[in-house]
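For the sequence shown, the tail end lands on 240 under my numbering, and the numbers increase by one without skipping.
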Amino acid sequence: MRGKLIGMSRLISRIALSVVVFPAALLMDLILFLLLNRYTQWESDYAVFISNLATAAVIDACWFLLWRTAVKWTPRRVRTTMFAFGLSVLGGGMIGWGVRHVITQEEVATFTGTMSAALLWCGVSVVLWRETPAERGERLRRAGGADTLVCPACGYNLTGLREARCPECGASFTLNELLAGQPSRAPAEIEAI
């Protein structure tokens with residue numbers, strides 16, 4: 048008996064595309080460098096800088112476009128993302144500067160610095176864009192209905208458990224603490240229970 052074929056979920060397709068972005072961008076970097084080096088009068092290190100900068104921009108733009116709809120954009124998250132992007136550019140510049148002083152090849156330092164900046168931002172964005180326990184609780188509640196209970200400490204779904212202790216993080220609660228810790232429960236709703 049053959050199983051039903053189903054389409055790839057949005058999350059799986061985002062993960063697959065995220066994996067493909069990096070090697071595709073590096074291939075683009077190589078092709079762009081070869082074109083700039085052959086068809087312009089630029090010095091080799093300038094062609095490397097332009098191709099690397101374009102590649103880093105493509106990596107970061109693709110990363111943002113892939114994940115932007117999966118993130119709940121609060122004003123704080125927008126600010127921290129912009130700040131992290133600036134720090135990543137600064138960090139990539141410092142890495143490139145350090146490589147330039149260790150290895151005297153300008154092209155290697157430029158490549159290392161620009162790619163480090165792009166990868167630093169992608170890595171930091173994973174941490175900044177991770178959902179909070181309250182966001183996770185809200186997502187689970189929307190998916191499972193109003194009767195879903197989540198751990199106030201870590202957001203783990205506690206629905207169906209027989210004790211007020213989270214198996215994920217180990218936190219224990221009284222029933223009142225558990226109900227009061229639910230992100231979207233109104234005070235009147237808690238008192239009625």
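We put the beta carbon where it would ideally sit given N, CA and C, even for glycine.
Residue i in three-state terms, based on DSSP
i	result
serine 219	strand
arginine 186	helix
arginine 209	coil
Same chain, Cβ closer than 6 Å to residue i, five either side skipped, listed in chain order
i	result
arginine 147	Ala156
phenylalanine 158	Asn99
glycine 228	Pro199
cysteine 201	Pro180, Glu215 and Cys216
arginine 212	Ser219
Short Cβ contact (8 Å threshold) for residue i with residue j
i	j	result
leucine 205	cysteine 216	no
valine 118	tryptophan 176	yes
isoleucine 97	valine 68	no
alanine 165	alanine 103	yes
tryptophan 114	arginine 61	yes
aspartate 92	glutamate 178	no
serine 163	isoleucine 150	no
tryptophan 89	leucine 83	yes
Span of the alpha helix (DSSP H), counted from its first residue to its last, around residue i
i	result
leucine 175	153-175
cysteine 109	91-114
glycine 145	122-149
serine 65	57-86
CB contact below 8 Å: residue i versus chain C
i	result
arginine 183	The question asks about chain C, but that chain is absent: this structure has only one protein chain.
Cβ-based neighbour list, residue i, same chain, cut-off 8 Å, excluding 5 preceding and 5 following
i	result
valine 171	Ala131, Leu134 and Ser135
threonine 128	Ser172, Leu175 and Trp176
leucine 222	Ala211
threonine 87	Ala94
For residue i, the nearest candidate out of the options (CA to CA)
i	options	result
methionine 75	Val95, Tyr86 and Thr87	Val95
threonine 161	Leu196, Arg189 and Trp144	Trp144
leucine 225	Arg57, Leu196, Arg115 and Gly140	Leu196
alanine 108	Arg124, Gly139 and Ala72	Ala72
leucine 112	Arg183, Arg209, Gly207 and Ser65	Ser65
Same chain, Cβ closer than 7 Å to residue i, five either side skipped, listed in chain order
i	result
leucine 58	none
phenylalanine 80	Ala94, Val95 and Ser98
isoleucine 237	Here isoleucine 237 scores only 39 on pLDDT, less than 50, and its place in the model is too uncertain to base an answer on.
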